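Report on the structure given below.
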């Protein structure tokens, strides 16, 4: 089957991190890019692997998670198109603290560290944007800790469902959404057991707030769901 050649400069220039770069800088980064296709369930890297650059998701979904000796895992992030990961570990020059797995068939770009370090040395604006991106990621992790500590299990699930509603249609009262991954992965991301997630879905359904059919969920009334507290 014929595969369309990627327009790597266009992909890079649309990333928030690289939007202010001039074509010459984008071209320098392009030479450091390598495509990596990942099948559903395939590992991109394991915990403990060396980090020689970072990754950008072109399409698909990537799960970052901590493994455990009991065979369980703690999902840290679920990443989609135009999101990057691995920058912080690249700077620290330490082994990866998590593993990365394709949740669906995915296409990634791996950007080697060399040209990135050259840009950081020669372009203060790029350095500031890189710091801003890492700071936003740290802020997101702090918010996660706050959510797990201060919000109930039901509030976490309600918040997650509301995040899946399209922002451009915020005036609507009802939505049909499709969960982006399995309920087990979502439960781990929300720091819940799968059984707790299923119970909360059942309770929300019993109260007429949602209808659940596999990964398909209908939110019957966004305002009521936002105000509901189990």
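Numbering (this note's numbering), first residue to last: 77 to 306. All C-beta atoms, glycine included, are put in the ideal place defined by N, C-alpha and C. This structure is a prediction, so every number in the text was calculated from the model and none was measured.
For residue i, which residues in the same chain have their Cβ closer than 6 angstroms to its Cβ, ignoring the five residues on either side in sequence?
i: residue 202; result: 195
i: residue 228; result: none
i: residue 89; result: 102
i: residue 176; result: 120, 121, 138, 140
Among the residues of its own chain, which have a CB less than 7 angstroms from the CB of residue i, if the five just before and after it don't count?
i: residue 113; result: 183
i: residue 157; result: 133, 134, 135
i: residue 240; result: 253
i: residue 78; result: Bear in mind that a pLDDT of 43 at residue 78, under 50, signals an unreliable position, so the number given afterwards is only what the model happens to contain. For residue 78, where only same-chain residues beyond five positions count, there are no Cβ hits under 7 angstroms.
Which class does residue i belong to by DSSP, given the choice of helix, strand or coil?
i: residue 252; result: strand
i: residue 306; result: Model confidence at residue 306 stands at a pLDDT of 48, short of 50, so the residue's coordinates are unreliable and nothing is read from them.
i: residue 182; result: strand
i: residue 291; result: coil
i: residue 95; result: coil
i: residue 123; result: coil
i: residue 209; result: helix
i: residue 51; result: The shown model of the chain, from 77 to 306, leaves out residue 51, and the question about it has no answer.
i: residue 203; result: helix
i: residue 163; result: helix
i: residue 77; result: Here residue 77 scores only 40 on pLDDT, less than 50, and its place in the model should not be relied on; the value that follows carries that caveat. It is coil, neither helix nor strand.
i: residue 259; result: helix
i: residue 265; result: helix
i: residue 143; result: strand
i: residue 150; result: strand
i: residue 271; result: helix
i: residue 117; result: coil
i: residue 299; result: helix
i: residue 155; result: strand
i: residue 174; result: coil
i: residue 190; result: helix
i: residue 232; result: helix
So, residue i versus residue j, is the Cβ gap smaller than 8 angstroms?
i: residue 94; j: residue 84; result: no
i: residue 120; j: residue 178; result: yes
i: residue 104; j: residue 191; result: yes
i: residue 292; j: residue 254; result: yes
i: residue 280; j: residue 300; result: no
i: residue 249; j: residue 288; result: no
i: residue 261; j: residue 139; result: yes
i: residue 154; j: residue 242; result: no
i: residue 150; j: residue 258; result: no
i: residue 319; j: residue 295; result: Nothing in the structure corresponds to residue 319, since the chain is present only between 77 and 306.
i: residue 283; j: residue 304; result: yes
i: residue 302; j: residue 217; result: no
i: residue 213; j: residue 96; result: no
i: residue 199; j: residue 171; result: no
Leaving aside the five residues before and after residue i along the sequence, list all residues of the same chain whose C-beta is less than 8 angstroms from its C-beta, in chain order.
i: residue 173; result: 123, 142, 165
i: residue 129; result: 108, 162, 166, 186, 187, 188, 189, 192
i: residue 99; result: 85
i: residue 118; result: 177, 178
i: residue 269; result: 263
So with Cβ pairs under 8 angstroms, would you call residue i a contact of chain C?
i: residue 269; result: Of the protein chains in this structure there is only one, and it is not chain C.
With a cut-off of 8 angstroms on the beta carbons, I'd call residue i and residue j a contact; round off their distance for me.
i: residue 91; j: residue 160; result: 7 angstroms
For the ligand SAH, I want to know if residue i counts as a neighbour, meaning its beta carbon is within less than 7 angstroms of at least one of the ligand's heavy atoms.
i: residue 207; result: In terms of ligand content, the structure shown is empty, and the ligand SAH therefore cannot be addressed.
Inter-stretch contact (C-beta, 8 angstroms, three-pair minimum) for the segment 120-138 and the segment 165-183: yes
Contact between the segment 228-236 and the segment 105-120 (3+ Cβ pairs under 8 angstroms): Under the three-pair Cβ rule at 8 angstroms, the segment 228-236 does not count as touching the segment 105-120.
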